[in-house]
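S.K.: Heads up: the sequence shown begins at 1 in our numbering, then just goes up one per residue. Backbone N, C-alpha and C fix where the C-beta goes; we use that ideal spot for every residue, glycine too. Bear in mind the structure is a predicted one, so any value in this text is a computation, not a measurement.
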Amino acid sequence: MEKEKVIENKSYDFAKRIIKVYRYLTDKKEFVLSKQLLKSGTSIGANVVEGQYSISKKEFRNKMSIALKEAAESRYWILLLKDDGYLSEKAAESLLNDLEEIIKILVKIVKNAEH
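1) Relative to the alpha-carbon of D84, which residue among L25, K20, K111 has its alpha-carbon at the smallest distance?
2) Kindly indicate which three-state DSSP category F31 falls into: helix, strand or coil?
3) Whose CA, out of A91, M64, K28, H115, lies closest to the CA of R17?
4) Helix, strand or coil for L87 per DSSP?
5) For S40, which residues from the same chain have a beta carbon less than 7 Å from its beta carbon, with the 5 sequence-adjacent residues on both sides left out?
6) Compare the beta carbon distance of T42 and A67 with 8 Å and say whether it is the shorter of the two.
7) Counting only the same chain and skipping the five closest in sequence on each side, list residues whose C-beta sits under 8 Å from that of E50.
8) Leaving out five residues before and five after L33 in sequence, what residues of the same chain have Cβ atoms less than 8 Å from its Cβ?
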């Protein structure tokens, strides 16, 4: 399976997890950080999909770079939510493991798109 399809599937599955985390956090009355995580965590896949329909290699690389930045931002929010006690160590670790896989794939895609 090509990397673009793998990243599309992984980022979509990650977005679904983030939506569940968002619901969990809003039930706990956490509205600010959870909204930030919802935006960045679902934006990864949205940018990946947009990138699939790019009209140039430059545009493709740009969309994948934005997806990578959103993934890095998501990592930040997850760590903050964990350190603030809103996410358990186990939940944060699971999300971060998925995110690291996504980041590694995106880094490869961006590097390959530079050539």
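M.R.: According to the structure shown:
1) L25
2) coil
3) A91
4) coil
5) E70, E73, S74, W77
6) no
7) K63
8) L25, W77, L80, L81, D84, Y86
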